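Q:
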């Protein structure tokens, strides 16, 4: 069934990407649950980043995952409450907090790695279409780094 949002085309791209993201997160949660893993997909960017980078400041985590500082802080608090991460003050700069996975967090990553491999296969099959979604996302993100949506609209508006 085609709804009004689907019919609106490019104007609703943000809404449609959000809808797609929500469905992928819901399915991701079902996959984790089906594999006996108590994990929220929203935690993935922090857990995966700390698994790859080991120890980072709060600002570095925010930059790596591309979230705002307040959103990152909120996510870190949640993960700390779950005892998946811990923070400590930087010895060279007392204002800085350094974040790393706890033993529980590292064990969770080990448990999730085979699931991630299956998820990669399923997501690859899902997005490997004529207009490959991942390639398109990469291209649009590159375009936006050169000139944002807002900047592009302002130029169009000024040229009227």
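Numbering (this note's numbering), first residue to last: 37 to 196. C-beta: ideal position from N, C-alpha, C; glycine also. Bear in mind the structure is a predicted one, so any value in this text is a computation, not a measurement.
Using the C-alpha atoms, what's the distance from residue 50 back to residue 191?
A: One Cα belongs to residue 191, the other to residue 50, and the distance between them is close to 20 Å.
Q: Take the Cβ of residue 148 as the centre, count every other Cβ of all protein chains shown within 10 Å, and call the residue buried at 16 or more, exposed below.
A: buried
Q: Assign residue 122 to one of three DSSP states: helix, strand, or coil.
A: strand
Q: Quick check on DSSP: helix, strand or coil for residue 136?
A: In this structure, residue 136 counts as strand in the three-state DSSP scheme.
Q: Per DSSP, what kind of secondary structure is residue 110 in: helix, strand or coil?
A: If DSSP states are grouped into helix, strand and coil, residue 110 belongs with the helices.
Q: Output needed for residue 133: all residues of its chain with C-beta closer than 6 Å, excluding positions within five of it in sequence on either side, in chain order.
A: 94 and 123
Q: When the Cα atoms are used, what is the spatial distance from residue 78 to residue 188?
A: Taking the straight line from one Cα to the other gives about 30 Å.
Q: Alpha carbon to alpha carbon, what distance is there between residue 129 and residue 205?
A: Here the chain covers residues 37 to 196 and nothing more, so residue 205 does not appear.
Q: Sort 152, 164, 161 and 172 by Cα distance to residue 67 and report the nearest one.
A: 152
Q: Taking C-beta to C-beta, are residue 87 and residue 143 nearer than 8 Å?
A: no
Q: Using DSSP with H/G/I as helix, E/B as strand and the rest coil, what is residue 57?
A: Note: residue 57 maps to helix in three-state DSSP.
Q: Grab me the residues of residue 105's own chain with a C-beta within less than 6 Å of its C-beta, minus the 5 sequence neighbours each way, in chain order.
A: Once the five neighbours on either side are set aside, the close Cβ partners of residue 105 are 98.
Q: Taking the C-alpha atoms as reference points, what is the distance between residue 71 and residue 178?
A: The straight-line gap from Cα to Cα measures roughly 35 Å.
Q: For residue 116, tell me which candidate among 80, 100 and 135 has the shortest Cα-Cα distance.
A: 135
Q: Please list, in chain order, all residues of the same chain as residue 156 whose beta carbon is under 8 Å from its beta carbon, the five residues on each side excluded.
A: none
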